[in-house]
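Student: This note's numbering applies: residue 450 is where the sequence shown begins, and numbers increase by one. All C-beta atoms in this analysis are idealised placements derived from N, C-alpha and C, irrespective of residue type, glycine included. Please read all numbers here as calculations on a predicted model, not as lab measurements. What follows is a single structure, and I will ask about it in a moment.
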Amino acid sequence: MTRHPLFRFVLPVSLVLNGFLVGMVITLWLRPVLPPPPPRPETIIAEMAAILPAADAAILRASFTARAPRLGDRPRNREETLDRIRNALRAEPFDAQALATIFAKGRQSRDRIDNSVEGALIDAAAKMSMEGRHKLADWRPSFSPPPR
């Protein structure tokens, strides 16, 4: 009874492949679950507007739209900031002050975004009905806050 030489390798290859797949499944199963990214300001405003009376929702959307152009470059700015951080970390000689400056500029950018959203809310709340402000006060985000 002769067997084809290929059959000598099928079992070991199959065992290795199965071991690899089992290892991948275990790795994916045991990895930590990362929290979702923070929601975009547009998503937050849309959730808030959904619970408001129509007139107050229009006020909120208009106030946010007036400030939205300041938020348009967010994704590009984030990628540029990450590239600057990577380049600063790779630089020889390493310049800690340059890295600190990059982080400070990133904080300023995030603060500008926060100020735009907060300004939109303040402006809208000043123009809303009392019922709209109360509903806005009762609003709870559908997303969990970032860990501290």
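Could you check how far apart the C-beta atoms of glycine 555 and threonine 530 are, in whole angstroms? I think they sit under 8 Å.
Tutor: Contact flag correct, Cβ pair sits at about 5 Å.
Student: Counting only the same chain and skipping the five closest in sequence on each side, list residues whose C-beta sits under 6 Å from that of aspartate 572.
Tutor: Ser512
Student: Which of the three DSSP states is assigned to aspartate 560 in this structure?
Tutor: helix
Student: Should the region 451-460 be called in touch with the region 540-553, which here means at least 3 C-beta pairs below 8 Å?
Tutor: At 8 Å Cβ cutoff, the stretches do not touch.
Student: Do lysine 584 and isoleucine 508 have their beta-carbon atoms positioned less than 9 Å apart in this structure?
Tutor: no
Student: Please state whether DSSP places serine 512 in a helix, a strand or coil.
Tutor: helix
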